[in-house]
Amino acid sequence: MRVLVTGGAGYIGSVTTAQLLAAGFEVEILDDLSSGHRAALPPAALFHTGSLLEPATLDRVFARRFDAVVHFAAHSLVGESMTDPLKYYHNNVTGTLALIDRVAAGGADRFVFSSSAAVYGEPEISPVTEQAAVVPINPYGRTKLVMEWALADTARSAGFAAVALRYFNAAGAVGDLGEDHTPETHLIPRLLRSLLDPELTFAVFGDDYPTPDGTCIRDYIHVQDLAEAHLAALLWADAPGLTAINLGSGHGHSVSEVIAAATAATGRDIAPTTVPRRSGDPARLVASNELALQLLRWRPQRDLAEILRDAWRWHRRHPHGHS
Ligand code: UDP
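Final position of the sequence shown in this note's numbering is 313; the numbers increase by one with none missing.
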């Protein structure tokens, strides 16, 4: 199978590419390196530098057809999406429409799309099933939902198979591939980096949520488990139209529990300060993963302790990230 991975120099994209190569797929990557890292590119994948917004780049990439496209490339900072929404609509939505257009014109048979739990906004039920209302609360989440809709409509009319994988909280590392965003907003890398660099401060964003210990609960998934889910989705996708599937564990952990797991993994004492809530953070976001189990035969194999162990190993080996 020949697979095009957009955003293959990014965090989840690079781990998935490595996994596809290990499974014997032929992989080509398209990435503009705006947030991805050259060092994360697996040498065995053919690399096209460029953006989905450039028709000439797409002409070059789609000179040959693919069996499947796995589409990660997107801006993904929630805070930035609130201050610069058009950057998100332009890159995420316009870029994805251009890619869907190529696939609909016969460029590929299958399309696996990186969606997000952000499409649910602040869900009223927990665990969240795929039937829950989709009410995103920030432009990032809205762009993901618009892309799902565009994909659903086009996959049905053009007759290709599409899967939207709604990730909960990706975390952890695999070998030399780890999490390196600028700016870094995510809990686990911020926490671990603060242990390695005294200039970086770490704080808990609110301990007055309606949860047992007052801190927010999230569903953390090891990035290797996520990569395995992409492989399963690629092999499963068959019928025309879009299927949206949650990728989560069905179990939540509070920020305090993550800090306890980080203490165990690192052997360091961690005594964070608590600051007021970050706006837009729902108290609890946990996936129902029954559909993933039923359709993809996939469930996460790695727990929070393993996530922290692998992430810590990666951050110690890469104290300045991929650079
Ligand atoms: N969080 C925190 N301190 C940080 C970063 C995150 O307390 O420096 C909290 C955040 O409020 C949320 C949880 O950790 O409750 C997970 O946040 P993250 O940004 O990793 O993922 P999100 O669920 O927001 O996508």
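The beta-carbon is built from N, C-alpha and C at its ideal position, and this holds for glycine as well.
Query                                                                                                   : Result
Residues near residue 285 in its chain [Cβ-Cβ closer than 8 Å; skip 5 each side]                        : 226, 233, 235
Any non-hydrogen atom of the ligand UDP within 8 Å of residue 170 CB                                    : no
Residue 216 versus residue 289: straight-line alpha-carbon distance, rounded                            : 9 Å
Which of helix, strand or coil DSSP assigns to residue 174                                              : coil
Residue burial classification, residue 21 (beta-carbon count within 10 angstroms, cutoff 16)            : buried
The alpha helix (DSSP H) enclosing residue 2, as first and last residue numbers                         : 1 to 12
Segment contact, 8 Å Cβ cut-off, at least three pairs: the region 247 to 267 with the region 179 to 195 : yes
Residue range of the beta strand (DSSP E) that includes residue 105                                     : 98 to 106
Assigned secondary structure, residue 83 (DSSP; H/G/I helix, E/B strand, else coil)                     : helix
Residues bridged to residue 125 [DSSP beta-bridge criterion]                                            : Paired residues: none, contrary to the question.
The ligand UDP heavy atom lying under 8 Å from the CB of residue 193                                    : yes
Rounded distance between the beta-carbons of residue 110 and residue 102, thought under 8 Å             : That pair is no contact at about 20 Å.
Closest residue to residue 248 among 160, 275, 298 (Cα-Cα distance)                                     : 298
Three-way DSSP call (helix, strand, coil) for residue 69 in this model                                  : helix
Buried or exposed (CB count within 10 angstroms, at least 16 for buried), residue 115                   : exposed
Span separating the alpha-carbon of residue 209 from that of residue 80                                 : 29 Å
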